[in-house]
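For the record, the sequence lines run as chains B and P. Sequential numbering from 22 applies to the first sequence in the numbering used here. Sequential numbering from 58 applies to the second sequence in the numbering used here.
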Amino acid sequence: NAGVMQNPRHLVRRRGQEARLRCSPMKGHSHVYWYRQLPEEGLKFMVYLQKENIIDESGMPKERFSAEFPKEGPSILRIQQVVRGDSAAYFCASSPRTSVETQYFGPGTRLLVL
Amino acid sequence: GENVEQHPSTLSVQEGDSAVIKCTYSDSASNYFPWYKQELGKRPQLIIDIRSNVGEKKDQRIAVTLNKTAKHFSLHITETQPEDSAVYFCAASNRDTGNQFYFGTGTSLTVIP
Numbered sequence: 022n023a024g025v026m027q028n029p030r031h032l033v034r035r036r037g038q039e040a041r042l043r044c045s046p047m048k049g050h051s052h053v054y055w056y057r058q059l060p061e062e063g064l065k066f067m068v069y070l071q072k073e074n075i076i077d078e079s080g081m082p083k084e085r086f087s088a089e090f091p092k093e094g095p096s097i098l099r100i101q102q103v104v105r106g107d108s109a110a111y112f113c114a115s116s117p118r119t120s121v122e123t124q125y126f127g128p129g130t131r132l133l134v135l
Numbered sequence: 058g059e060n061v062e063q064h065p066s067t068l069s070v071q072e073g074d075s076a077v078i079k080c081t082y083s084d085s086a087s088n089y090f091p092w093y094k095q096e097l098g099k100r101p102q103l104i105i106d107i108r109s110n111v112g113e114k115k116d117q118r119i120a121v122t123l124n125k126t127a128k129h130f131s132l133h134i135t136e137t138q139p140e141d142s143a144v145y146f147c148a149a150s151n152r153d154t155g156n157q158f159y160f161g162t163g164t165s166l167t168v169i170p
């Protein structure tokens, strides 16, 4: 059973461009969480999704950021018109339907905005 | 919302000694408390967790204690080894409202051989 997959692992964007980060949860996991980790800081909750539904987006900036988890395919975190302050590591985590507590983290996408 | 504080931010111990990391949380409704270990450039890895109906849990050299009344929980690592060197994060969540994790700011543990 493959673990949580994220791609790309590293992403470089210039200010004003769009960044798309993908997360494939573990097989059978229907809950996806996105977290952001700024350099030398802890992880901050951004958004919680289940298939085709955003359950909680209270940690996500209201502008420029959006997330989805379609019926088929990976979850996507999209950042429009990136700014330097968006530079961070973005981790997704997934948990199974039957045991919601434990979250398994992906390797992260390190976004650098020039 | 939930606020988790973690201390100390850095910790150095001699190999073989014990290490203790402490966290406090603000939301009394939180009922799940995991601890993650993160090595440089790697993903966070769950090392131990505890639910609010349990006061202590142990797994070999690692133990976690929870004091619900005081709203604090601690990670104890005994007989530390150099490979324990990493950043450790505590978190708190409420399983009943979505289980979003609220993390502490991390403790950088260095085990000196």
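We put the CB at the ideal spot given by N, CA and C, even for glycine. Treat the numbers as computed from the prediction; the structure is a model and nothing was measured.
N-terminal and C-terminal residue of the beta strand (DSSP E) that residue i is part of
{"i": "B/P117", "result": "109-117"}
{"i": "P/D74", "result": "Counting along the chain, P/D74 falls outside any beta strand (DSSP E), and DSSP gives it neither H nor E."}
{"i": "P/Q63", "result": "61-64"}
{"i": "P/F146", "result": "143-149"}
{"i": "P/D106", "result": "102-108"}
{"i": "P/S87", "result": "That residue, P/S87, is in no beta strand (DSSP E); it is neither H nor E in DSSP."}
heavy atom of the ligand MN below 7 Å from residue i C-beta
{"i": "P/A120", "result": "Looking at this structure, you won't find the ligand MN or any other ligand, since it has none at all."}
Chain P within 8 Å of residue i, Cβ atoms only
{"i": "B/E11", "result": "The question about residue 11 of chain B has no answer, for chain B in this structure spans 22 to 135."}
{"i": "B/L64", "result": "yes"}
Per DSSP, the bridge partner or partners of residue i
{"i": "B/S87", "result": "B/R99"}
{"i": "B/R41", "result": "B/R99"}
{"i": "P/N124", "result": "P/H129"}
{"i": "B/R150", "result": "Within the shown structure, residues of chain B are numbered from 22 to 135, placing residue 150 of chain B beyond reach of any answer."}
{"i": "B/K136", "result": "Look at the range of chain B in this structure, 22 to 135, and you will see that residue 136 of chain B is not part of it."}
{"i": "P/T154", "result": "The partner list for P/T154 (beta bridge, DSSP) is empty, contrary to what the question assumes."}
{"i": "B/M26", "result": "B/S45"}
Neighbour flag for residue i against chain B, beta carbons, 8 Å
{"i": "P/T162", "result": "yes"}
{"i": "P/R100", "result": "yes"}
{"i": "P/G112", "result": "no"}
{"i": "P/N156", "result": "yes"}
{"i": "P/R152", "result": "yes"}
{"i": "P/D116", "result": "no"}
Beta-carbon gap between residue i and residue j smaller than 8 Å
{"i": "B/G178", "j": "P/G161", "result": "Any answer about residue 178 of chain B is impossible in this case: the structure gives chain B only from 22 up to 135."}
{"i": "P/S87", "j": "P/E59", "result": "yes"}
{"i": "P/Q117", "j": "P/E72", "result": "no"}
{"i": "B/K65", "j": "B/Y54", "result": "no"}
{"i": "P/F158", "j": "P/A148", "result": "yes"}
{"i": "B/Q38", "j": "B/G129", "result": "no"}
{"i": "P/S75", "j": "P/H133", "result": "yes"}
Closer than 9 Å, Cβ to any Cβ of chain P: which residues of the segment 77-90 of chain B, in chain order? Result list: D77, S79, G80.
Counting only Cβ-Cβ distances shorter than 8 Å, please list the residues of the segment 74-98 of chain P near chain B, keeping chain order. Y89, P91, Y93
Looking at chain B, which residues of the segment 124-146 of chain P have a Cβ within less than 8 Å of any of its Cβ atoms? F146
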